[in-house]
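So the protein lines, in turn, are chains X and B. Here the numbering used here is used: the first residue of the first sequence is 1, the next is one more, and so on. Here the numbering used here is used: the first residue of the second sequence is 746, the next is one more, and so on. Where is the CB? At the ideal position from N, CA and C, for every residue including glycine. Note that this is a predicted model, so its numbers are computed, not measured.
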Amino acid sequence: MASIEEVVPASIIGTSLARVDGPLKVSGGAMYSSDHNFPGMLYAVPVCSTIAKGTITSLDSSAAEAMPGVQAVYHRKNIGQLFRAAPPVGFSGLIDERRPPFEDDVIRYYGQYVAVVVAQTFEQAMAASAAVKVSYAGEKPDVSTTLSSDEKPKVDTTRGDADGAFASAAVKVDETYVTPVETHNPIELHASVAVWDGKGFTLYETSQAVGNHREVMAQMLGVPLENVRVISRFLGSGFGGKLWPWPHCLLAAAASRNLNRPVKLVVSRKMMFQNVGHRPLTQQRIRLGATADGMLTSLQHDSLNHTSILDDYGEGCGEATGYLYSTANLRVTSGLVRRNVGNPTAMRGPGAVPGLYALESAMDELAIKLKMDPVELRLKNEPKLDESLGIPFSSRHLKECLTVGAEKFGWSQRKAGVGAMQRDGLTLGWGVGVCSWIAARIGCEATVELKADGTARVACGTQDIGTGTYTILAQIVAEKAGIPIEKVEVVLGDTKLPAGPISGGSWVTSSVIPAVADATQKAMQTVLMAAVQGKDARFAGKKPEDLVFSGGRVQVKGGSAETSVAYAEVLRAANLGGVSGTGKSEGTFGVPPKVSQHSFGAQFVEVTWQPATARLRVNRVVTVIDAGRVLNTRAGRNQIEGAVMMGVGMAMLEHTTYDQRNGAPINSNLADYVVATHADTPQIDVTFLDYPDLSLNEYGARGIGEIGLAGIAAAITGAVYHATGVRVRELPVRIEDLLGGTARA
Amino acid sequence: MDLFQFSRAESVAQAVAAGAESPTAQQGAQVRFVAGGTTLLDLMKLNVERPQRVVDINKLPLDKVERTADGGLKIGALVRNSDLAHNEMVQKDYAVLSQALLSGASAQLRNMATTGGNLLQRTRCVYFRDTAMACNKREAGSGCSAIGGFNRMLAILGTSEQCIATNPSDMNVALTALEATIHIQGAKGERSVPIHDFFVVPGSTPQQENVLEPGDLITYVTLPAPAAGSKSVYLKLRDRASYEFALASAAVVATVEGGRLKRVRIAMGGVGTKPWRMVEAEKALEGHAVNEGTLHKAAEAALRGAKPQSENGYKVELAKRCLMYAVKQATQAV
């Protein structure tokens, strides 16, 4: 119960707050999807194809079926009918692998599910899955990493005469950059726990978008939408890989329905590399033309990415290219190349992350050709408006990101030559990269209840994927209602709640603010009505408009604070358990934009290079971000720090390799697919410029989940060049690339 | 994983008797001893190891580190990697061993992994660990998928047409440079084997990795007394800063006298099918001053027999640099 003494900070927006869900997580109380267990629950383990292209000629499950604890082995002939999802509309009906599992006997990628074993224990299901005998007519798969477009690439954006201007440019860069397949490796494996109750499903899923998940599953399982409920309370991170449903979700649900028992299916780490998406291989040609004094006259960005045999996944590498720099002549194209791989999917910063690695690498190469400071080159080509759309930016402070970052990093001490900088017997390399990311809102709803016990409850069918959404929602309600954040309960990750945004695109924060703020206002308004309604009301005789709700209390407008009454007391006096309000956010998608809404940033990197041992390490990273107002600086900083660490992995380590002979993603484990460890983590400095972008919401917050990964790889490869003289145009930078690096030490 | 019978050995004799019932102590063993389990359990879950019987040896009295009468060290087979790495005698007299242990795996794994188990650590070759792939080490005669496949991490020394798998251990490299002796209790009694002879190269029988026979239980590892005035170093080169297997590593034990290398022992990891003793390099260095010239000569000699595969040609140059830099460190030239 609220008491008079409680001090409520004037604003908790923009402060540094610990996660409200932190204690639950560190004490093991947070229920992740695979933590859910039910009486009579069975365990499902899929059988994966051991070829990447061909057909199944026979499948013999008799031995597996006879094994201890086995309840069923499902395959094409006995799983029952599964449908494809209808074409998506907006943010509904989205799925990257549209073919339901077992639809036909054709194998199109290595590891494709061909059967699923359901048993009483996980071990029994594992053992039986190895006993299912499958024969194939295999063909040579195509997992080649050299891409040439199957079809004519499409033009994403164009202006002026890019070819002509390039041809006549005084200084040119024409290089091709390659980013490898990267696999999402959150600690939490994908998992589904499906509970069929004879009529409908309750699905505990590792999902970044429960609403979409529900729609897709209802369609594919052939049940009414209202008969599916999807729950995803906590996510052990997703990085985009858990945005849409994957075939294992259907296997768990279908098995549960067929057997009338709850079924748990946890994808293995190996399957993470095969069956649940990846960032595709990209091959990007960048052509830059500039005047001798460094003004861009032409920019061409032609990207290709691989996709699966059946589905089209376009990475969108040129997403930021059209608006990042000023140039009269520009063309951005993209094309798809089919390979025998599982379908790619969004991975943190899809499009811009690989795209800006290429563009910013080319800018670094241009600066070297111009003998110009790479920071200077970027400052010089700053546009006045979004030249791709011909509209102004809502709030763009890239120049300040660069100048503040340069100052913090000590960029003025830079010596330009390769190997020119030394410290403690090591060669230093310095590099810089610009990052940018789209800002937007997705239409959504939220409900806020103010309760008679002085607490509040906010509910929204969005998800917290580890980024701090629980905390942000609590902050908004606490701020609006003027109550301590500890009094706010946040409920997320359930399709029974008001429709929330997908946890993707760094859009959750900007999207939920208007809905939650609106819902809180409405609930507060209802409290005021309750305060005057009836003879025994606390403010009987007054009208709601005579009252004001402030700091969790109700008082007469202009009256003295001593006459104020806690809202809890108002509700109790009216014998109300609580009052609620539902608020709405309007989406920005599909509406012609009047302003160009993007976040910006600059990343500065120092690497150390020891030629004697070919040891290169990322030592120091300074990041300055212009992402609107940061609601919670601790959560915000955490996002950028994590992105920088992931960027070290992207630039130096991560690379999924397909065995060219059989098409298997061959390094499908965490010893052979190495991600950055804490020991690899550089000293990280994060600065937020904190200019509110009021075009998005009343707090001016944009979202910061992805942008921190968008400039880091180019900054690292630039620094690698500066230290070693080796320009790596195919990520990651590997020790074998560097053995030829300069030995000046 | 298959169903298996589990028991605890109360004595060395009991363990040996149980082990002797297996037709082999190598790949395909039907009886396996388990101590830390950090290799065995992984491989059982992957169906690469399918023992019918697993004998827990953790109760056996083999968990001490003691001085030997001749000033050397006797290390029980059950001494955990973390305990051994932090043992004062090891840190003082055999720094290379402590450094090697601490450069391997993660703290959690080192807390479980034992000295005997680490000696028997299996390769990380992806084809060995995947039953869908051909692998002569796992299934004799099935072929080697690593040749012409994903072999960036694999060996360039001691390979054969049948197998190019690397021995992944760091500890074994240090023990090789320290000229350790492996003590084994077998069905026919006790014997001791110099570490150099303990491991065998794959040849045409890659499923055979060492000289252990059915029933053989490693009981101790002994180290000779440290050479007076010697200094030792372990240098591990890898893609990331921790928790990764070596691309190339070097263990060096060196004694410098009058500006010349009086005695040097060098072993390398990440490059061989077994921990690789660099005898030719030692010969090239002993009696000479350590300088770029002698180091280059030693490095050339060390890698002369190297046979790179499709993806690991870089290891030849990397191993040379690793060897040179480690010798420099051990001789305090850097």
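Three-state secondary structure (DSSP) at residue i?
i	result
TRP246/X	coil
HIS831/B	helix
VAL7/X	Note that VAL7/X scores 45 on pLDDT, short of 50, meaning its location in the model is unreliable; the coordinates nonetheless yield the value given after this. If DSSP states are grouped into helix, strand and coil, VAL7/X belongs with coil.
GLU360/X	helix
ALA194/X	strand
THR495/X	coil
HIS306/X	strand
TRP710/B	Outside the displayed range of chain B (746 to 1079) lies residue 710/B, so it cannot be described from this structure.
ILE368/X	helix
LEU748/B	coil
CYS401/X	helix
GLN953/B	coil
Taking residue i as the query, report the chain X residues whose CB atoms sit under 9 Å from its CB, ordered along the chain.
i	result
LEU1063/B	THR613, ALA614, ILE735, GLU736, LEU739
LEU982/B	THR613, ALA614, ARG615, ILE735
Output yes or no for whether 8 Å exceeds the beta carbon distance between residue i and residue j.
i	j	result
GLY493/X	SER256/X	no
VAL53/X	GLY111/X	One point to set straight first is that residue 53/X is Lys, not Val, in the sequence displayed. For LYS53/X and GLY111/X, no; Cβs fall outside 8 Å.
TYR74/X	PRO247/X	no
GLN866/B	SER914/B	yes
LEU739/X	ALA651/X	no
LYS1060/B	LEU968/B	no
GLY747/X	LYS380/X	No information on residue 747/X is available, as it lies outside the stretch 1 to 745 that chain X covers here.
TRP1021/B	GLY849/B	no
ALA1046/B	GLU1031/B	no
THR291/X	PRO344/X	no
PHE91/X	ILE502/X	yes
VAL210/X	THR469/X	no
PHE122/X	PRO262/X	no
ILE802/B	VAL810/B	no
PHE409/X	VAL622/X	yes
TRP437/X	GLY349/X	yes
Counting only Cβ pairs nearer than 7 Å, list the residues of chain X close to residue i.
i	result
GLU989/B	VAL674
ALA877/B	THR50
ASN792/B	ALA130
Which residues in chain B have a C-beta closer than 7 Å to the C-beta of residue i? List them in chain order.
i	result
GLU123/X	MET746
ASN667/X	VAL871, PHE895
ASP680/X	ARG985, ALA986
Span of the alpha helix (DSSP H) holding residue i?
i	result
SER827/X	Residue 827/X is absent from the structure shown; chain X starts at 1 and stops at 745.
VAL434/X	That residue, VAL434/X, is in no alpha helix (DSSP H); its beta strand (DSSP E) goes 426 to 438.
VAL776/B	Taken as a continuous stretch (DSSP letters only), VAL776/B belongs to no alpha helix (DSSP H), being part of the beta strand (DSSP E) at 776 to 779.
LYS1065/B	1059 to 1075
What does residue i touch in chain X if you count any residue whose Cβ is under 8 Å from its own?
i	result
LEU992/B	ILE735
CYS1067/B	THR613
TYR1070/B	ALA612, THR613
Just reading off the beta strand (DSSP E) that residue i is part of, what are its end residues?
i	result
GLN422/X	421 to 423
TYR721/X	That residue, TYR721/X, is in no beta strand (DSSP E); its alpha helix (DSSP H) goes 712 to 724.
PHE600/X	598 to 610
GLU1002/B	993 to 1002
Strictly below 9 Å CB to CB, what residues from chain B border residue i?
i	result
LEU59/X	Result: empty, since nearest Cβ-Cβ is about 16 Å, beyond 9 Å.
Please find out if some non-hydrogen atom of the ligand MN comes closer than 7 Å to the beta-carbon of residue i.
i	result
LEU957/B	Ligands are entirely absent from the displayed structure, and the ligand MN is therefore not among its contents.
Please list the partners that residue i has in chain B, where partner means a Cβ-to-Cβ separation under 8 Å.
i	result
ASP142/X	The contacting residues do not exist; ASP142/X stays about 17 Å from chain B at best.
List, in chain order, every chain D residue whose beta-carbon is nearer than 8 Å to that of residue i.
i	result
LEU653/X	In the structure shown, chain D does not exist; the protein chains are X and B.
Exercise. Are the segment 627 to 640 of chain X and the segment 452 to 464 of chain X touching by the rule of at least three beta carbon pairs closer than 8 Å?
Worked result: Verdict: no, contact absent.
For this session: Would you be able to state if there are at least three C-beta pairs under 8 Å between the segment 693 to 712 of chain X and the segment 203 to 215 of chain X?
Result: no
For this session: Please confirm if the segment 284 to 301 of chain X is in contact with the segment 559 to 575 of chain X, defined as three or more CB-CB distances below 8 Å between the two stretches.
Result: no
For this session: Indicate whether the contact test is met: 3 or more Cβ pairs, each with one atom in the segment 421 to 431 of chain X and one in the segment 191 to 203 of chain X, closer than 8 Å.
Result: no
Problem set entry | Segment contact flag, the segment 854 to 863 of chain B with the segment 773 to 783 of chain B, C-beta cutoff 8 Å, min 3 pairs | yes
Problem set entry | Sufficient close CB pairs (3 or more, under 8 Å) joining the segment 529 to 542 of chain X to the segment 565 to 583 of chain X | yes
For this session: Take every Cβ of the segment 916 to 931 of chain B, pair it with every Cβ of the segment 959 to 966 of chain B, and state whether three or more of those distances are shorter than 8 Å.
Result: yes
For this session: Check whether the segment 663 to 673 of chain X touches the segment 393 to 409 of chain X, counting contact only when three or more Cβ pairs, one atom from each stretch, lie closer than 8 Å.
Result: With fewer than three CB-CB distances shorter than 8 Å, the segment 663 to 673 of chain X does not count as touching the segment 393 to 409 of chain X.
For this session: Would you check if the segment 940 to 948 of chain B and the segment 975 to 992 of chain B touch, i.e. whether three or more CB-CB distances between them fall below 8 Å?
Result: no
Exercise. Taking contact to mean at least 3 C-beta pairs separated by less than 8 Å, is the segment 263 to 273 of chain X in contact with the segment 178 to 194 of chain X?
Worked result: The answer is yes - the segment 178 to 194 of chain X touches the segment 263 to 273 of chain X, with three or more Cβ pairs under 8 Å.
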